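Residue numbers (the working numbering), protein chains in the order written: chain C, 4 to 906; chain F, 26 to 116.
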């Protein structure tokens, strides 16, 4: 019987599914805290749970029809005309019981393609355009990405439903027009035009090899060009849509025909204001169509309560289509509408609502005081909002939606933090947000708690209780560290300490620039925070550190494919220092090539596909008359370099240093041979599984047993061991400042972003074995500060010490996931222990920590019996997702993580 | 105008939940998209519009004769047209 990796790791003293600090009970233990939502919410949630991810062509049809009618028009106006037409023609759909309405497309969980961004990935396979697209390096990642096989993913075609990209269902009747529209955009999309011009970059060939061999996970400019940012609802809340149109008309009169000293783009202000007016009119038409539908349903309805709800819905929508909201529910509906409007404007993941508890508080406070609203009604609306946000899908390729996002779209809500005066910003509505996250536990909105020592103890204890539901949220982010990062990155653009306090999380955990604006509700002024920065997690996406190390060891060759990616360095790598220096050179070559080519993609995007709705909402576009593409945002230094596989790479460097250079137990050539031979294990492809648990030893091979054992026993990150932690420190002290050597298309230096999302699965699948003992094709350690499964053996505080060895404020973020057994934090005492653990990390300077409170036995059972676990949620990287909607390789990595039995 | 099969996804009495099913707005029951609707009420779709001209060379593709594009823009019979100002039902 062939030995499994799990057994071999156990023998080496580093078992997968390691239980640290005690022994879990033999029986399965459920999560301690379980709550139920309001009955209305439960009914709609039940619908969601049985809903398929669905797509249609309504929006792209009307967008394309209008766009192609205006050949020769100024690009921004042409795009606004197309957007207006598309919004005006979206079919409204309202479900009984909804209080907050309006959907992306005419489905409960709908989305649609945007061929003006990219069209090749969903073309029919026999189509010549698809074949041409296949030759591009960027499509390699789709082969290494897997969706979960359950939940709402349409993984296979059935009946009259066609599966697209393994996730979206589309009616068979719509496939011909899907292809017809895609062909219209061939050669014109951001993807195609960007490709045409990126080929002119001298480093283009290197970039293609980088993409083909999954050194980098995906392109930036045409995949998800916006997002990982915080939206700003201020202007519509303050002025209403009619008010914004009035401002734009007034500004048009002021700027028409004038450059005002700006000979480059000063004249563009006229066209930009015109575009804003057109786009808003489109959104108003969209709302008005919902008004008509609500009225139609009111007339059809016989149930008096439902009839009244339709009537009130129509009245609310009618009001907010033109005016600033007056009440909590009107304001909530308006931000919901704006959110969907922005998401329909572009392919976006991570458009975070930000601190909605503080944005909606003025309405909440006044309604409660006036007796128009009860806390229970507010809680019900917050629960409903979680269904709305969880239903948001983004139509993109398998590699992007599956391999990176695991189907999540990261509409993160932030709570806590500080107010403009530097005091705790937590308010009563934020307590209700936390309660709703427990009573209606769904993947979105994920909650980010902006931790500060000034936050009230009962607020933090409530957050600990929510964590114990097993939802994976709230994640804790360090306010002090974030403010320091803000000053470092945005100080040169004029950010001051007061505005650093307005920050929030965009996307899963991207620290995002925000500002304070004065909101007036019924004559009272409130300062509310909102996004003021461009998208983040744009620029250079997910560079695989273990892959760069592999290329360093194999003299520029990809050991898996045999393809030459970089020019041979021809160094002997006789010393660790020489290895380290060469690793850094290849890293820089990778980032440089990706920076240049992705800058071109984004530049094409900004010329033809610029944001209009999102832009007009962000300070200071309306004031300046410039949109995102002309640096209209307050903060524009938002492009970054993303690393992946940090800890796998650090552990591998430590093993090489120890075994090859310090102890000389093995030569570098022998180590390389062992890596290519996968330490005598069958290849993941051979056994057709990339999961950690399934890896099998080749019975006939014992050649590398001793070495593999030694690599597993080499020093590992997460144990407060300076031998390996100092390598992490060296990496961070190189990587963080090095990012500033690369410039975005907006002329600003880049910065580091250290999250993995789900890339540790797909990137691991494309990498040979590594010197830390990890096998070919298996996942890397998740996140950037999480230990590799089973290797953190000295307790949680040792892990925290390892993670906090470097200055986290040099980076936009860092990410640490910890798995804890429910019994370890049982009761109030357990909640306090959990809070103490979090505080300890924050005080050490750690930026982020989040928890999976789950018994690994439950996860194993869920893998065997997925039909019993439709609503089981887990924390993957920076987000929560339904267990059944994530791929098996990531599921196995989650099961294998160390489970803490005590804190 | 009566549809051949009077299925839900061609009926106004239906709120699509996803590509396979939706809600009967009278009974509030979840129904299959291709099931017959006993209370069928014609949903405006391009295939029911006088402006839709099928393309004999292609499947599920035609042109919208009301479009202002030159040449006339593509249309597809299954598209919902409740928001289209140019929709004119075939008699």
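Every residue gets a Cβ at the ideal spot worked out from N, C-alpha and C, and that includes glycine.
Nothing here was measured: the structure is a model prediction, and the numbers come from that model.
Cα-Cα separation between residue i and residue j, rounded to whole angstroms
i, j, result
"residue 413 of chain C", "residue 512 of chain C", "9 angstroms"
"residue 866 of chain C", "residue 500 of chain C", "48 angstroms"
"residue 132 of chain C", "residue 666 of chain C", "Residue confidence for residue 132 of chain C is low, a pLDDT of 41 falling below 50, so the modelled location carries little weight; the figure read from the coordinates is stated next. Residue 132 of chain C and residue 666 of chain C: Cα-Cα distance of roughly 55 angstroms."
"residue 284 of chain C", "residue 502 of chain C", "32 angstroms"
"residue 275 of chain C", "residue 874 of chain C", "45 angstroms"
"residue 101 of chain F", "residue 112 of chain F", "13 angstroms"
"residue 154 of chain C", "residue 52 of chain C", "7 angstroms"
"residue 701 of chain C", "residue 381 of chain C", "60 angstroms"
"residue 49 of chain C", "residue 551 of chain C", "46 angstroms"
"residue 397 of chain C", "residue 878 of chain C", "20 angstroms"
"residue 465 of chain C", "residue 883 of chain C", "19 angstroms"
"residue 716 of chain C", "residue 585 of chain C", "26 angstroms"
"residue 207 of chain C", "residue 196 of chain C", "14 angstroms"
"residue 108 of chain F", "residue 107 of chain C", "15 angstroms"
"residue 425 of chain C", "residue 463 of chain C", "18 angstroms"
"residue 335 of chain C", "residue 422 of chain C", "21 angstroms"
Same chain only: Cβ atoms within 7 angstroms of residue i, ignoring 5 sequence neighbours per side
i, result
"residue 137 of chain C", "At residue 137 of chain C, the pLDDT of 47 sits below 50, so the modelled position is not reliable; the number obtained from the coordinates is stated separately. If we look at residue 137 of chain C and ignore the five residues flanking it on each side, it has no Cβ neighbours."
"residue 559 of chain C", "567, 568, 569, 570, 571, 572"
"residue 713 of chain C", "662, 668"
"residue 243 of chain C", "325, 326, 327"
Spatial neighbours of residue i in its chain, beta-carbon cut-off 6 angstroms, leaving aside the 5 residues before and after
i, result
"residue 784 of chain C", "650, 651, 791"
"residue 632 of chain C", "609, 613"
"residue 547 of chain C", "218, 647, 648, 766"
"residue 427 of chain C", "457, 458"
"residue 68 of chain C", "none"
Own chain residues within Cβ distance below 8 angstroms of residue i, not counting five before or after
i, result
"residue 756 of chain C", "513, 539, 540, 643, 644, 645, 646, 814, 815, 816"
"residue 527 of chain C", "365, 369"
"residue 125 of chain C", "116, 167, 168, 181, 185, 400"
Range covered by the alpha helix (DSSP H) that runs through residue i
i, result
"residue 345 of chain C", "331 to 348"
"residue 484 of chain C", "482 to 493"
"residue 736 of chain C", "725 to 741"
"residue 589 of chain C", "579 to 611"
"residue 799 of chain C", "799 to 806"
"residue 36 of chain C", "Taken as a continuous stretch (DSSP letters only), residue 36 of chain C belongs to no alpha helix (DSSP H), as it is neither H nor E."
"residue 617 of chain C", "616 to 620"
"residue 94 of chain C", "Run containing residue 94 of chain C: none; DSSP gives neither H nor E here."
Sheet register partners of residue i (DSSP bridge)
i, result
"residue 2 of chain C", "In this structure chain C extends from 4 to 906, so residue 2 of chain C is not present and cannot be described."
"residue 55 of chain F", "F/48"
"residue 515 of chain C", "C/507"
"residue 465 of chain C", "According to DSSP, residue 465 of chain C bridges with nothing at all."
"residue 752 of chain C", "C/746"
"residue 643 of chain C", "C/542, C/754"
"residue 40 of chain F", "F/48"
"residue 876 of chain C", "C/885"
"residue 454 of chain C", "C/481"
"residue 497 of chain C", "DSSP lists no partner for residue 497 of chain C."
"residue 230 of chain C", "C/352"
"residue 902 of chain C", "C/22, C/822"
"residue 523 of chain C", "C/528"
N- and C-terminal bounds of the beta strand (DSSP E) containing residue i
i, result
"residue 77 of chain F", "77 to 79"
"residue 354 of chain C", "351 to 355"
"residue 198 of chain C", "Counting along the chain, residue 198 of chain C falls outside any beta strand (DSSP E), though it belongs to the alpha helix (DSSP H) covering 193 to 201."
"residue 528 of chain C", "527 to 534"
"residue 851 of chain C", "851 to 856"
Closer than 6 angstroms: residue i CB and nearest the ligand FMN heavy atom
i, result
"residue 453 of chain C", "Of the ligands one can find in the structure shown there are none, so the ligand FMN has no counterpart to examine."
**Study point:** Interfacial residues, the segment 98 to 111 of chain C to chain F, with Cβ spacing under 7 angstroms
**Key:** 98, 99, 109, 110, 111
Point to revise | Residues of the segment 85 to 103 of chain F whose Cβ lies closer than 9 angstroms to any Cβ of chain C, in chain order | key: 85, 86, 89, 92, 93, 94, 95, 98, 99, 100, 101, 102, 103
Check your understanding: Using a Cβ cut-off of 9 angstroms, which residues of the segment 33 to 47 of chain F contact any Cβ in chain C, in chain order?
Key -> 34, 37, 38, 40, 41, 42, 43, 44, 45, 46, 47
Review point. What are the residues of the segment 31 to 42 of chain C that lie near chain F, defined by any Cβ-Cβ distance shorter than 9 angstroms?
Key: none
Review point. Can you list, in chain order, the residues of the segment 103 to 115 of chain F whose Cβ is nearer than 8 angstroms to any Cβ on chain C?
Key: 103, 104, 105, 107, 108, 109
**Study point:** Residues from the segment 58 to 76 of chain C in contact with chain F, defined by Cβ distance under 7 angstroms
**Key:** 61, 64, 68, 71, 72
Exercise for review: With 7 angstroms as the limit, tell me which residues of the segment 302 to 332 of chain C have their beta carbon closer than that to any beta carbon of chain F; keep them in chain order.
Suggested key: 303
Exercise for review: Give, in chain order, every residue of the segment 76 to 92 of chain C whose Cβ lies closer than 9 angstroms to some Cβ of chain F.
Suggested key: 91, 92
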